[in-house]
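Peer 1: Under my numbering, think of the first position of the sequence shown as 707, with each following residue one higher. We put the CB at the ideal spot given by N, CA and C, even for glycine. Have a look at the structure that comes next, please.
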Amino acid sequence: MTNSLNITPESSPKPAPVAGQSSAHVPNANIATNVLNTTHAFAQVKANDWSVEKSAKVYGINNWGNGYFRINQNGNVAVTPKGEKGPGVDLYELTQELQDRGIRIPIMIRFPDIIKERVELLHSCFQKAFADHNYKGQYCGVYPIKVNQQRHLVQELVKYGKDLRLGLEAGSKPELLIVLSLMNTPNAVIICNGFKDTEYIETALLAQKIGREIVIVVDRKDELKIITETAKKLNMRPKIGFRAKLNTQGAGKWVDSAGARSKFGLTSIEIVEGLEFLKQQNMLDCLELLHYHIGSQVPSIQSIKSSLKEAARFYTELHALGAKLKYIDVGGGLGVDYDGTGSSDSSVNYSEQEYANDVVSTLQTLCDEKGVPHPNIITEAGRSLVAHHSVLVFNVMGVNNLYRAEPPIPATKKDPSIMQELQYTFEKLTKENINECFNDLLQSKNETLNLFTYGVLNLTQRAWCESMFFTIATKILTLAQSTPDCEDIVSELRTVLCDTYFCNFSVFQSVPDSWAVGQLFPVMPIHNLKEEPCHEATLADLTCDSDGKIEKFIDTESGEVKKTLRVHPYAEGQAPYYLAVFLTGAYQEILGDLHNLFGDTDAVHISIHESGYTVDHYVPGDTVTEVLTYVQYGRAEMVDNVRQYTEESINNGNITKQEAKALIKHYEEGLSGYTYLEEME
Ligand SMILES: *Cc1c(COP(=O)(O)O)cnc(C)c1O
């Protein structure tokens, strides 16, 4: 088609004769109302063509779900910490029952049973690798609390890790204070990382005197002197670690955590000098540990192996120089398969067992070569222990829907030819000419915009064209879904007709990495999964920030990232529609911020057992008043101000006393309420 108003004979069909139109009819006058008549058609195939297995495939839940999440025969997401055979809970029913108890959506639901599984899994992977390789050292898992410092969670980790001697890692002074109060597991290691001042170091050293196995890792060379001097003052032998700055880099989004220019760690020069210094101080035996960390979410096992080889050489060389270290601390980085592809930055190309095997076999080989005893292995896996355990459930509040069942008022010969062409396409469309009509449709879109820009179409006419465009697209999609070989058209039109689902949550508060580093998280509806999710949508959050949206989803078929999520049709006033973001247990909560003053969500801890579940803890989310105090607003003063303004208006006769009372009531209730949208009681 051309951009001119003339219909060229070879490329454009003749406008169809329009029935029932008097020539005196002026369509434009009526179009506006018709355009606003938003009737939605839900192009849907028969429900019995669909199955929960198909839903599982669309969302990839059996890949990223790791056995902890699946779809049950009711078409709801089930949480099964011990896999299919173990006990489970229906996430949709749970969501409803939590709301019955007055817990408000969005809800962060934590499953401590999954934490237990993760702690035991990593431990058993190392035990198996030790047995297979006849490795002589011991395994000491350590949880870096920066990944999620929430008290109940850390307590659960300590509890489940007690028999496995799971230790904790602190990356700052406040974190050390948490660690000292929450853990007294005998022989569990405490690792002190991060920037340290004298106070931090002195606290750590004194904690050694109350029986903690505490290792202070030298991250910057200046710290070594403070440690040795403070220890002498306290008349004790410190346990010291060196963090090596490796040359080998990790991979993925956090690749800059290692390498010569990384923030922390000692260069080879500094390590040799540090060793000399300790010798002079007669404290070489205090050097017990070598640490390194190549960054988080390392997607490839090759990076893990090559960094470990370099670190293992540091280890054996330190032995050769006389430092009889006991531990190698391989840091964090053990990744989580967020998208189930096994091949992207949001995924990993190795299992926990392969990780353990490679760590153990590499160390064994290099130590045996040099005749150095096998070190005890410390891992600082954080993400891998806690990512799976929490799920954010939220509801859809509204939808921007482009589907249209009803065409606008028919175009006539007096209308611009683009309108007549669209009218013709709409009328001639059948199963037989889907392709042709689809191509016409795609062309008409640009043409409409051009004609509007050139001043040929007025706004009402443009609105008519867009309305007809979406009507035709809806009709083509409906036909194409039941026509063979139209999969491409179906998927393209679903994207064209992509809805925006307005969701009751804040990306910045609950999945900040989705915004900050473009990380992908699994998102899917938690119910209706026996029916085909036949719409595509992007998700917009409650903030007024245009970045507050999720537009990155898993495409399990291609393994690529796609911009829209398959969803079920939603219309306002309909039954609630719940979506969830999964695997949000690592980093998201503590990195979350108060953008637009959306605070912490309500959170619950749910234990699952054979006979059902129990709500172990309910942690209420922030009230508006709490959030406002972070930005220095006081409730009493705010209420008092508004009260004074209403008094003035009462005196002026602008507001009645009853109205003023209602305003103050709303104001006070608003301050006590949830920061998210609440259903009217
Ligand atoms: C953040 C951090 C970790 C945790 O990394 P994960 O990838 O979450 O396992 C471990 N060690 C150090 C030093 C860290 O800074």
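Counting only the same chain and skipping the five closest in sequence on each side, list residues whose C-beta sits under 6 Å from that of TYR845.
Peer 2: PHE832 and ILE1083
Peer 1: Between which two residues does the beta strand (DSSP E) carrying GLU919 extend?
Peer 2: For GLU919, the uninterrupted beta strand (DSSP E) run begins and ends at 919 to 924, by DSSP.
Peer 1: Where does PHE1288 sit, in a helix, a strand or coil, going by DSSP?
Peer 2: coil
Peer 1: Taking only runs that begin and end inside the segment 1240 to 1265, name each unbroken beta strand (DSSP E) of 3 or more residues, in chain order.
Peer 2: 1241 to 1246
Peer 1: Tell me which residues share the same chain as VAL741 and place their Cβ nearer than 7 Å to its Cβ, disregarding the 5 neighbours each side in the sequence.
Peer 2: Reliability fails at VAL741, whose pLDDT of 42 lies under 50, so the model's placement of it is uncertain and the value that follows must be treated cautiously. So the list reads PRO1114, ALA1169, TRP1170 and SER1173, once near-sequence residues are dropped.
Peer 1: Using 10 angstroms around the beta-carbon of HIS1315, count the other beta-carbons present and answer buried if the total reaches 16, otherwise exposed.
Peer 2: exposed
Peer 1: How would you write the range of the alpha helix (DSSP H) that ALA1340 sits in, first residue to last?
Peer 2: Per the sequence presented here, residue 1340 reads as Gly, with Ala not at that position. GLY1340 -> no alpha helix (DSSP H), and no H or E assigned at all.
Peer 1: For GLU862, count the other beta carbons within 10 Å of its own beta carbon; 16 or more makes it buried, fewer makes it exposed. Which is it?
Peer 2: With 16 or more neighbouring CB atoms inside 10 Å of its own CB, GLU862 falls in the buried class.
Peer 1: Could you give the DSSP three-state label for THR1206: helix, strand or coil?
Peer 2: strand
Peer 1: Does the beta-carbon distance from VAL1065 to VAL1036 come in below 8 Å?
Peer 2: yes
Peer 1: So who's on the other strand from CYS898, going by DSSP bridges?
Peer 2: ALA876 and ILE922
Peer 1: Cβ of ALA894 within 8 Å of Cβ of VAL885?
Peer 2: no
Peer 1: Here's the rule: buried if 16 or more other CB atoms are within 10 angstroms of the residue's CB, otherwise exposed. What is PRO880?
Peer 2: exposed
Peer 1: Is the closest heavy atom of ligand 1 to the C-beta of GLN1225 under 7 Å?
Peer 2: GLN1225 Cβ: outside cutoff for every heavy atom of ligand 1.
Peer 1: Look up MET1174 in the DSSP assignment and say whether it is helix, strand or coil.
Peer 2: If DSSP states are grouped into helix, strand and coil, MET1174 belongs with the helices.
Peer 1: Output the residue ranges of the alpha helix (DSSP H) runs that lie fully inside the segment 1295 to 1341 and measure 4 residues or longer, sorted by chain position.
Peer 2: 1330 to 1336
Peer 1: Is it the case that the Cβ atoms of HIS1274 and GLU1242 are separated by a distance below 8 Å?
Peer 2: no
Peer 1: So what does DSSP say about TYR1380, is it helix, strand or coil?
Peer 2: strand
Peer 1: What does a CB cutoff of less than 8 Å around CYS1209 pick up in its chain, not counting 5 residues either side in sequence?
Peer 2: Leaving aside the five residues that flank CYS1209 on each side, the residues in its chain whose CB is nearer than 8 Å to its CB run, in chain order, PHE1100, ASN1101, VAL1102, MET1103, LEU1245, ALA1246, ASP1247, LEU1248 and LEU1285.
Peer 1: Does the beta carbon of SER1052 sit closer than 8 Å to a beta carbon anywhere in chain B?
Peer 2: You won't find chain B in this structure, because it holds only one protein chain.
Peer 1: Since SER1096 sits in a beta bridge, which residues does DSSP pair it with?
Peer 2: ARG816
Peer 1: Looking at C-alpha atoms only, which residue of VAL1054, LYS1151 and LYS1181 is the closest neighbour of SER1009?
Peer 2: VAL1054
Peer 1: Below 8 Å, can you find three or more Cβ-Cβ pairs linking the segment 819 to 831 to the segment 1080 to 1094?
Peer 2: yes
Peer 1: Flag PRO850 as yes when its Cβ comes closer than 7 Å to any non-hydrogen atom of ligand 1, and as no otherwise.
Peer 2: Distances from the CB of PRO850 to the heavy atoms of ligand 1 include at least one below 7 Å.
Peer 1: Let's test the definition: count the other Cβ atoms within 10 Å of the Cβ of ALA837 and tell me whether it reaches 16, buried, or not, exposed.
Peer 2: ALA837 should be labelled exposed.
Peer 1: Would you say the segment 807 to 814 touches the segment 987 to 1007, given that touching needs at least three Cβ pairs under 8 Å?
Peer 2: no
Peer 1: Check for me: the alpha helix (DSSP H) holding CYS992 runs from which residue to which?
Peer 2: For CYS992, there is no enclosing alpha helix (DSSP H), as DSSP gives it neither H nor E.
Peer 1: Below 8 Å, how does it come out for the segment 1209 to 1226 and the segment 793 to 813: are there three or more Cβ pairs, yes or no?
Peer 2: Yes, the segment 1209 to 1226 touches the segment 793 to 813.
Peer 1: Pair every Cβ in the segment 972 to 985 with every Cβ in the segment 902 to 913, then say whether three or more of these pairs are closer than 8 Å.
Peer 2: no
Peer 1: In angstroms with no decimal places, state the Cα-to-Cα distance between LEU1199 and LYS760.
Peer 2: 20 Å
Peer 1: What are the boundary residues of the beta strand (DSSP E) that includes LEU1271?
Peer 2: 1271 to 1273
Peer 1: On the premise that THR934 lies in contact with THR904, defined as a C-beta separation below 8 Å, what is that separation, rounded to the nearest angstrom?
Peer 2: THR904 to THR934, Cβ: 12 Å. No contact.
Peer 1: For HIS746, which three-state DSSP category applies?
Peer 2: A caution first: HIS746 carries a pLDDT of 45, below 50, which makes its placement in the model unreliable, though a value can still be read off. Note: HIS746 maps to coil in three-state DSSP.
Peer 1: According to DSSP, is LYS1268 part of a helix, a strand, or is it coil?
Peer 2: strand
Peer 1: Give the DSSP bridge partners of THR1085, in chain order.
Peer 2: GLY847
Peer 1: On a Cα-Cα basis, can you pick out the residue from THR1206, ASP1205, ASP1074 and THR1180 that is closest to ILE1195?
Peer 2: When THR1206, ASP1205, ASP1074 and THR1180 are compared, the shortest CA-CA separation from ILE1195 is found for THR1180.
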